[in-house]
Amino acid sequence: MPYVLTVNSTVQCAHGAKIALTSDAKLSVGGAKVLLLAGIQGATVNGCTNPTDPNTSSLTCATVATATGTATKLTVGGKPVVLDSLSGTTNGTPPPSGASISVADVGHQKLKAV
Numbered sequence: 001m002p003y004v005l006t007v008n009s010t011v012q013c014a015h016g017a018k019i020a021l022t023s024d025a026k027l028s029v030g031g032a033k034v035l036l037l038a039g040i041q042g043a044t045v046n047g048c049t050n051p052t053d054p055n056t057s058s059l060t061c062a063t064v065a066t067a068t069g070t071a072t073k074l075t076v077g078g079k080p081v082v083l084d085s086l087s088g089t090t091n092g093t094p095p096p097s098g099a100s101i102s103v104a105d106v107g108h109q110k111l112k113a114v
């Protein structure tokens with residue numbers, strides 16, 4: 001069973017840069033608010049090392065473009081929480097599409113959901 005992500009979880013782009021997670025959820029795990037899709041979609045990618053190069057169409061990751069991987073049973077305010085099965089893309093490239101995002105560290109071992 002996957003773990004629920006919180007604002008203390010570490011999510012990063014394919015180049016290892018951390019994504020700034022936010023949440024206004026009322027549910028917390030160990031004092032950290034659980035993550036909802038609104039807290040990752042459009043989030044800022046901090047310090048991506050992938051260079052922007054117009055000659056190769058390479059673009060530094062700046063924001064999260066897409067994100068999927070939510071619970072089917074656990075919701076907060078009617079919105080599903082995000083799980084450690086999270087996947088998605090940033091606006092960065094190498095071509096043809098955005099760079100992937102992934103969970104590097106859940107940040108807790110307390111709450112799981114389906």
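Note that full-length UniProt numbering has the sequence shown beginning at 1, numbered continuously upward.
No residue lacks a Cβ here, since even glycine has one placed at the ideal position from N, Cα and C.
Could you please give me the residues that DSSP links to Gln12 through a beta bridge?
Along the sequence shown, one-based indexing puts residue 12 at 12. BP columns for Gln12 point to Lys18, Ser102.
Please name the residue, chosen from Cys48, Cys61, Ser28, Gln41, that lies closest to Val7 on a Cα-to-Cα basis.
Indexing the sequence shown from 1 puts residue 7 at position 7. Per the Cα distances, Ser28.
For Leu35, report the span of its beta strand (DSSP E) as first-last.
For the purposes of this step, residue 35 is taken as the residue at position 35 of the sequence shown. Per DSSP, Leu35 belongs to no beta strand (DSSP E) and is neither H nor E.
Count the other CB atoms, across all protein chains shown, that sit within 10 Å of the CB of Thr85; report buried if there are 16 or more and exposed otherwise.
Residue 85 sits at position 85 when you count from the first residue of the sequence shown. Thr is not the amino acid found at residue 85; the sequence shown has Ser there. The Cβ neighbour count for Ser85, taken over all protein chains shown within 10 Å, is under 16; the residue is labelled exposed.
Please list, in chain order, all residues of the same chain as Gly42 whose beta carbon is under 7 Å from its beta carbon, the five residues on each side excluded.
Here residue 42 is taken as the residue at index 42 of the sequence shown, counted from 1. Same-chain partners within the cutoff: Thr63, Val64.
By how many angstroms is the C-alpha of Ala32 removed from the C-alpha of Ser23?
Position 23 of the sequence shown, counted from the start, is the residue given in the question as residue 23. Position 32 of the sequence shown, counted from the start, is the residue given in the question as residue 32. Rounded to whole angstroms, Ser23 to Ala32 spans 9 Å at the Cα level.
Ignore the nearest five residues each way along the sequence and tell me which others in Gly47's own chain have a CB closer than 8 Å to its CB.
Along the sequence shown, read from residue 1 onward, the residue named residue 47 stands at position 47. Taken in chain order, the residues that qualify are Ala17, Lys18.
Is the CB-CB distance between Thr10 and Ala113 below 8 Å?
Counting from 1 along the sequence shown, the entry for residue 10 is found at position 10. Counting from 1 along the sequence shown, the entry for residue 113 is found at position 113. Not a contact, by the Cβ cut-off of 8 Å.
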